[in-house]
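K.L.:
So that we are looking at the same thing, I have put the structure below in structure tokens.
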Amino acid sequence: MTTKTLLILAGDGIGPEVMTQVKRVIEWFGAKRGLDFAVEEGLVGGCSYDAHGTPLTDATMARAMEVDAVLLGAVGGPKWDSLPFAVKPERGLLRLRKDMQLFANLRPAFVFDALAEASSLKTELVRGLDIMILRELTGGVDFGEPRGIETLANGERRGVNTQVYTTHEIIRIAEVAFELAQKRGSHVHSVEKANVMESGVLWREEVQKLRDARYTDVTLEHMYADNCAMQLVRNPKQFDVIVTDNLFGDILSDCAAMLTGSLGMLPSASLGASDSSGRRKALYEPVHGSAPDIAGRDIANPLACLLSFAMMLRYSFDLGEDADLLESAIKAVLDDGKRTADIMQPGLTAVSTTGMGSEVIAALDRQTRA
Ligand code: NAD
Numbered sequence: 003m004t005t006k007t008l009l010i011l012a013g014d015g016i017g018p019e020v021m022t023q024v025k026r027v028i029e030w031f032g033a034k035r036g037l038d039f040a041v042e043e044g045l046v047g048g049c050s051y052d053a054h055g056t057p058l059t060d061a062t063m064a065r066a067m068e069v070d071a072v073l074l075g076a077v078g079g080p081k082w083d084s085l086p087f088a089v090k091p092e093r094g095l096l097r098l099r100k101d102m103q104l105f106a107n108l109r110p111a112f113v114f115d116a117l118a119e120a121s122s123l124k125t126e127l128v129r130g131l132d133i134m135i136l137r138e139l140t141g142g143v144d145f146g147e148p149r150g151i152e153t154l155a156n157g158e159r160r161g162v163n164t165q166v167y168t169t170h171e172i173i174r175i176a177e178v179a180f181e182l183a184q185k186r187g188s189h190v191h192s193v194e195k196a197n198v199m200e201s202g203v204l205w206r207e208e209v210q211k212l213r214d215a216r217y218t219d220v221t222l223e224h225m226y227a228d229n230c231a232m233q234l235v236r237n238p239k240q241f242d243v244i245v246t247d248n249l250f251g252d253i254l255s256d257c258a259a260m261l262t263g264s265l266g267m268l269p270s271a272s273l274g275a276s277d278s279s280g281r282r283k284a285l286y287e288p289v290h291g292s293a294p295d296i297a298g299r300d301i302a303n304p305l306a307c308l309l310s311f312a313m314m315l316r317y318s319f320d321l322g323e324d325a326d327l328l329e330s331a332i333k334a335v336l337d338d339g340k341r342t343a344d345i346m347q348p349g350l351t352a353v354s355t356t357g358m359g360s361e362v363i364a365a366l367d368r369q370t371r372a
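Residue numbers for the sequence shown follow the working numbering, so the first one is 3 and each next one is one higher.
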């Protein structure tokens, strides 16, 4: 089996605590499933600023470009809040995303049965929910020119941002959507506002053309973004893969995330273009931040970070069976009533960060023995 190279950037706050549990699980996969990972570690965020005066060194950036995948914990915290903008911890993360050209942000929203009651929606609406929201990450209104605030001749001020997409940008994100759908429920909803935006008309036309040319096995539906927001809270289980632009994706992925209850459970992946060997640059990270309010107390939930590692197994290494194994071990632990503080419910068993890692490893052992 070929060695897989992996760069771990645990970051700040609870990042190192949750990452320690991932490292235990990586060791388990090495010992019990023969997965050969060459793991390197580096600094990002506030810890990198403290050591090197920058939130990401050129050397660490270079390693991130070379390895098969990067796994990040979280960055930031009050200690670094007053730093100049250019060296704030978040700049390290933004540089990784920019230099690796990560244009596709995958935000799954799935609900473990044992946690269905934690959702703000009725249990029957979310039990069994499994959606993938795919957000375009490097284009659209966040980057479009012209932008700015100007003062007009009459003294009034005018703010401008530009929503802009090219066919190339639309096609490459739609390709990822169709490929994801082929591995899931074969259903894509493409979301824009073609009723009021030309960029939405182009988006709709290009996604439809691509589907008709290359992905006829996938069902494609188009939906306006406002309707999608409504449908996500009315009947979220109608969705399989949702593909949308940077701005709508920002909003819809947060909305979908909250259907699932807790921030401590949400993984994400950001993918770049494929190289000539078919390998995509990839960064995996939990959705949550560095949670300074609970850092250093061994009470953070490591499951979002562990689920991010499961995404890495699936999307960077095509190890779907191993990803399934890890996800079903996590499900078994939750079914067994083990909870970190953030997802605790009356009558269940409280475990620490380390305790949750041990439970997941014990469940992995049980599953592979059975
Ligand atoms: P946060 O996600 O760190 O925390 C929000 C709340 O959720 C807190 O009460 C926290 O205790 C809780 N929480 C988060 N993750 C948890 C986990 N795994 N287990 C249990 N509870 C958890 O967001 P914030 O408080 O707005 O930001 C704190 C710092 O993190 C800031 O410096 C912010 O800039 C940074 N941040 C970083 C990222 C990132 O690295 N990707 C993302 C968001 C925020």
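Using N, Cα and C, we set each Cβ at its ideal position, and we do this for glycine too.
Distance, Cα to Cα, V220 vs G274?
P.N.:
Roughly 22 angstroms between the two C-alpha positions.
K.L.:
Does any heavy atom of the ligand NAD sit closer than 7 angstroms to the C-beta of E287?
P.N.:
It does: the Cβ of E287 is within 7 angstroms (strictly closer) of some heavy atom of the ligand NAD.
K.L.:
Is it the case that the CB of L95 approaches a heavy atom of the ligand NAD more closely than 7 angstroms?
P.N.:
Within the cutoff, so yes.
K.L.:
Is it buried or exposed, K100, if we count other Cβ atoms within 10 angstroms and call 16 or more buried?
P.N.:
Counting Cβ neighbours within 10 Å, K100 comes out exposed, since fewer than 16 surround it.
K.L.:
Is it the case that the stretch 149-167 contacts the stretch 272-288, given that we only count it when at least three CB pairs across the two stretches are under 8 angstroms?
P.N.:
Verdict: no, contact absent.
K.L.:
L182 to A176, Cα distance in whole Å?
P.N.:
Rounded to the nearest angstrom, the two C-alpha atoms are 10 angstroms apart.
K.L.:
To the nearest angstrom, how far is the alpha carbon of G13 from that of A88?
P.N.:
Taking the straight line from one Cα to the other gives about 17 angstroms.
K.L.:
For V362, verify whether its CB is less than 7 angstroms away from any heavy atom of the ligand NAD.
P.N.:
No, the beta carbon of V362 sits no closer than 7 angstroms to any heavy atom of the ligand NAD.
K.L.:
For the alpha helix (DSSP H) containing E147, list its first residue and its last residue.
P.N.:
Element bounds for E147: n/a, residue is neither H nor E.
K.L.:
How about F31 and D324: do their beta carbons lie closer than 8 angstroms?
P.N.:
Yes, Cβ-Cβ distance for F31 and D324 is below 8 angstroms.
K.L.:
For the alpha helix (DSSP H) containing P304, name the first residue and the last one.
P.N.:
It is not in any alpha helix (DSSP H) - P304 carries neither H nor E in the DSSP assignment.
K.L.:
Round the Cβ separation of R217 and F241 to the nearest angstrom and send it over; I've been treating them as touching at under 8 angstroms.
P.N.:
Reading off the sequence shown, one finds Tyr at residue 217, where the question assumed Arg. Going by Cβ atoms, the distance from Y217 to F241 rounds to 17 angstroms, so no, they are not a contact pair.
K.L.:
Leaving aside the five residues before and after A334 along the sequence, list all residues of the same chain whose C-beta is less than 6 angstroms from its C-beta, in chain order.
P.N.:
Only A365 meet the Cβ criterion.
K.L.:
Could you give the DSSP three-state label for L285: helix, strand or coil?
P.N.:
Note: L285 maps to strand in three-state DSSP.
K.L.:
Rounded to whole angstroms, what's the CA-CA distance from T56 to G94? Just pull it up for me.
P.N.:
T56 and G94: Cα-Cα distance of roughly 8 angstroms.
K.L.:
Which ranges does the alpha helix (DSSP H) cover as unbroken runs of at least 4 residues, wholly within the stretch 316-350, from first to last along the chain?
P.N.:
Runs found: 322-337.
K.L.:
Which class does H224 belong to by DSSP, given the choice of helix, strand or coil?
P.N.:
DSSP places H224 in strand when its eight states are reduced to three.
K.L.:
Under the three-state reduction of DSSP, which class applies to E126: helix, strand or coil?
P.N.:
Three-state DSSP puts E126 in a helix.
K.L.:
By a C-beta neighbour count over all protein chains shown, 10 Å radius and 16 as the cutoff for buried, is Q23 buried or exposed?
P.N.:
Under this definition Q23 is a buried residue.
K.L.:
Examine the ligand NAD and report whether any of its heavy atoms sits within less than 7 angstroms of the Cβ of A76.
P.N.:
Flag set: Cβ of A76 near the ligand NAD.
K.L.:
How about K25 and T370: are their beta carbons less than 8 angstroms apart?
P.N.:
In this structure, T370 does not lie closer than 8 angstroms to K25 by Cβ.
K.L.:
Report the three-state DSSP secondary structure of F180 (helix, strand or coil).
P.N.:
Residue state, collapsed to three classes: helix.
K.L.:
Less than 8 angstroms between the beta carbons of G266 and L308, yes or no?
P.N.:
Cβ atoms of G266 and L308: not closer than 8 angstroms.
K.L.:
Can you tell me which of the three DSSP states E158 falls into?
P.N.:
The answer is coil: DSSP assigns E158 none of H, G, I, E or B.
K.L.:
If the criterion is Cβ atoms closer than 8 angstroms, does the pair N248 and E138 meet it?
P.N.:
Yes, the pair counts as a contact, with Cβ atoms nearer than the cut-off.
K.L.:
Cβ of L265 versus every heavy atom of the ligand NAD: is any distance shorter than 7 angstroms?
P.N.:
Yes, the Cβ of L265 comes within 7 angstroms of a heavy atom of the ligand NAD.
K.L.:
Between which two residues does the beta strand (DSSP E) containing D132 stretch?
P.N.:
Run containing D132: 132-138, per the beta strand (DSSP E) assignment.
K.L.:
Is V72 near I363, with beta carbons less than 8 angstroms apart?
P.N.:
Contact: no.
K.L.:
On the three-pair Cβ rule with 8 angstroms, is the stretch 252-266 touching the stretch 118-136?
P.N.:
Contact between the stretch 252-266 and the stretch 118-136 is present, because at least three Cβ pairs lie under 8 angstroms.
K.L.:
If you draw a straight line from the alpha carbon of T59 to that of S50, how long is it in whole angstroms?
P.N.:
Cα-Cα distance, rounded: 8 angstroms.
K.L.:
Could you give the first and the last residue of the continuous beta strand (DSSP E) run that contains K185?
P.N.:
Segment: none, K185 is in no beta strand (DSSP E) and carries neither H nor E.
K.L.:
Going by the CB atoms, is the gap between L350 and G339 shorter than 8 angstroms?
P.N.:
Cβ atoms of G339 and L350: closer than 8 angstroms.
K.L.:
When the Cα atoms are used, what is the spatial distance from Q233 to K239?
P.N.:
Between Q233 and K239, the C-alpha separation is close to 9 angstroms.
K.L.:
Please list the terminal residues of the continuous alpha helix (DSSP H) segment that includes G202.
P.N.:
It spans 200-216 - the alpha helix (DSSP H) in which G202 sits, taken as one unbroken run.
K.L.:
Looking at the strands, I want to know which residues DSSP matches up with K6.
P.N.:
K6 pairs with F39.
K.L.:
Give, in chain order, every unbroken run of the beta strand (DSSP E) that is at least 3 residues long and sits entirely within the stretch 83-117.
P.N.:
Here the runs fully enclosed are 106-112.
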